[in-house]
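For the sequence shown, the UniProt record's numbering assigns the number 1 to the initial residue and increments by one for each residue that follows. The block underneath contains the structure these notes are about, expressed in structure tokens.
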Amino acid sequence: MADPNDFPRDRASIFARAPLSMAILGTALVSVVFYLVPQIDLAFLGLFYEPGKGFPAAQIPLLQDFRTFASNISLFLPLLTLVCLVLKLSFPAKTSLLPSRMALFFIPLFLLGPGLLVNGILKPYWGRPRPLNVSDFGGPWPFEDPWVIGPSGLGNHSFSSGEAATTACLLPLILFLPREWRGPVGALIGLFVAAVGLNRIAFGGHFLSDVVISIGLMLILAAVLHHLIFVRYRDSLSDAALEKRLTALGYRMAEQRAALRHWVRRTLATSYQSARNLRRAERAIHPGAAARAAAMDAPTGSVGASTGTNPP
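Structural data, given as structure tokens:
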């Protein structure tokens, strides 16, 4: 894995020198454009709408399968990093399968981005109806601009796109690749993100602004995480430092698991011994129950002998 802080400095790239500033500026710029010129959203969506039919693309099985595939493949990366993290903590003596900073970067990115920001904050409280519910395309609700706060009465709002946000979280993967692979892989991921967003627009599920702004928000969050992990706290959060901490944490967790197993065994043994002592006390107090208690304590094969009868 390459060092994500190793940007191609040989190019005069403003984004390479100030990724967070450029991500914020770009997202703010497109937000202003879509807000001031809402006709862009309506005109672009009109390319996929047929009066009386709605959005025919939503009925195409191939596009439906692509949506399912995209949803599944987008979750592969965070699940992979999470599994590798769990394996490292479970087997602390072994080296992590993936760089430790990769898990530290992508797990918060997916949780805070698509999880909290989009599906936890924007969708519930930014009341923008989906295109198929807008009056311009046969629905009952008026068109609303992006970033307009206020519930429209629908439970599932359009702003912003959760699927576009999830796939956009794959874009920073190129930072963990060798420099010669960043361009080709970045182009493929970019095409994939664009295809997912276009597919949702063609289904009447999102406006163009929903998709573009979602991508911008994820780039902002990725830039923040990159700055914290690979710039500001680069030394304390290096792969070597994190590997050492995870190893120590794994050993502590192993000790705690061993202590828990010992406590459970001791508790069960104590409970069993207490039950035996209780039965013995009952025999002493109630001699008539001695035979029954002895039968309970004796092996199955000796029941007949203890009761004076022959087993069948």
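Yeah, the Cβ is synthetic: ideal placement off N, Cα and C, and Gly gets one too.
Where does F69 land, buried or exposed, given buried means 16+ other C-beta within 10 angstroms? exposed
Under a Cβ-count criterion, where at least 16 other Cβ atoms within 10 Å of its own Cβ denotes burial, should A187 be classed as buried or exposed? exposed
Just list the residues that DSSP pairs E50 with in beta bridges. The partner list for E50 (beta bridge, DSSP) reads G54.
Is DSSP giving R141 helix, strand or coil here? With the sequence shown as reference, residue 141 is identified as Trp, and Arg is not the correct amino acid for it. In this structure, W141 counts as strand in the three-state DSSP scheme.
Which residue's Cα is closest to the Cα of G197: W181, A103, R234 and S214? The residue with the shortest Cα to Cα distance from G197 is S214.
State yes or no: is the C-beta of P56 within less than 8 angstroms of the C-beta of H226? If you check the CB distance, P56 and H226 do not come in under 8 angstroms.
Does the segment 231-240 touch the segment 82-89, meaning 3 or more C-beta pairs lie closer than 8 angstroms? Segments in contact, no.
Are the beta-carbon atoms belonging to V185 and R200 less than 8 angstroms from one another? No Cβ-Cβ contact shorter than 8 angstroms links V185 with R200.
Beta-carbon proximity of L246 to S100, cut-off 8 angstroms: yes
Let me know the secondary structure DSSP gives V134 once reduced to three states. strand
Return the residue from the list V134, P92 and P61 that minimises the CA-CA distance to Y49. Residue V134 is the option with its Cα nearest to Y49.
Other residues of its chain near H206: CB distance less than 6 angstroms, five sequence neighbours each side excluded: Non-local C-beta neighbours of H206 in its own chain, meaning closer than 6 angstroms and more than five positions away in sequence, comprise S158, S161 and R200, ordered along the chain.
Coil, strand or helix - A18 by DSSP: coil
With burial defined as no fewer than 16 other Cβ atoms inside 10 Å of the residue's Cβ, what is the status of E144: buried or exposed? buried
Start and end residues, alpha helix (DSSP H) containing G127: Here G127 belongs to no alpha helix (DSSP H), and DSSP marks it neither H nor E.
Suppose the cutoff is 7 angstroms on Cβ atoms and the five residues either side in sequence are ignored; what does the same chain contact list for D136 look like? Residues L42 and F143 of the same chain have their beta carbon placed closer than 7 angstroms to that of D136, with the five preceding and five following residues left out of the count.
Cβ pair A168, V193 closer than 8 angstroms: yes
How far does the alpha helix (DSSP H) with W181 in it extend, from its first residue to its last? Run containing W181: R179 to A202, per the alpha helix (DSSP H) assignment.
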